[in-house]
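Visitor:
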């Protein structure tokens, strides 16, 4: 009889359902998120483990509420098929996420040059977060020098 096994990426033993140690190892080796793709990767791994961590949403809140006395940071990026944007604020020398959005490009926009896609990402970001940023100091960050 098998005493311990991995089923559907979970460790099952006489104790009950546990996190697969391989998943914990991968999570500890991930670099700190520095862009949208790495943030998504981290959130996917964290989502997998959250059911095993009591009070996970209180311990590690993903989004924060706006501090209207602080300037906003807009971070945007584009790929061949989508644009992504984050609205955040710097707090304790760390940028905290307030809002995240992505949009798939239509066929016509997929044909844009890299510079055009980056500029489109900036325009769509400003349009999306307009209600947050009108009248406030804003810094736009883009991975490419547009």
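Numbering (my numbering), first residue to last: 2 to 147.
Every residue, glycine too, gets a C-beta built ideally from N, C-alpha and C.
All values derive from a computational prediction rather than experimental measurement.
Below 7 angstroms between beta carbons: does that hold for residue 108 and residue 89?
Guide: No.
Visitor: With DSSP as the reference, label residue 126 as helix, strand or coil.
Guide: Reduced to three states, the DSSP call for residue 126 is helix.
Visitor: Just the Cα atoms here: how many angstroms apart are residue 100 and residue 133?
Guide: Roughly 10 angstroms separates the two Cα atoms.
Visitor: For residue 43, which residues of its own chain have a beta-carbon under 6 angstroms away from its beta-carbon, when the five flanking residues on both sides are left out?
Guide: Within the same chain, residue 43 has close Cβ partners 31, 34.
Visitor: Hey, quick one: how far does the beta strand (DSSP E) through residue 82 stretch, first residue to last?
Guide: Segment: none, residue 82 is in no beta strand (DSSP E) and carries neither H nor E.
Visitor: Please look up how many angstroms separate the CB atoms of residue 38 and residue 79, rounded, as I've assumed it's under 8 angstroms.
Guide: Between residue 79 and residue 38 the Cβ distance is about 12 angstroms, and since that is not below 8 angstroms, they are no contact.
Visitor: Please indicate yes or no: does the CB of residue 42 lie closer than 6 angstroms to some heavy atom of the ligand PLP?
Guide: Looking for the ligand PLP in the displayed structure turns up nothing, as the structure carries no ligands at all.
Visitor: Taking just the CA atoms, how far does residue 85 sit from residue 103?
Guide: The alpha-carbon atoms of residue 103 and residue 85 are separated by roughly 4 angstroms.
Visitor: Out of 67, 76, 141, which one is the CA nearest neighbour of residue 40?
Guide: The shortest Cα separation from residue 40 among 67, 76, 141 belongs to 76.
Visitor: With distances taken from CA atoms, which of 110, 130, 97 is nearest residue 65?
Guide: The option with the nearest alpha carbon to residue 65 is 97.
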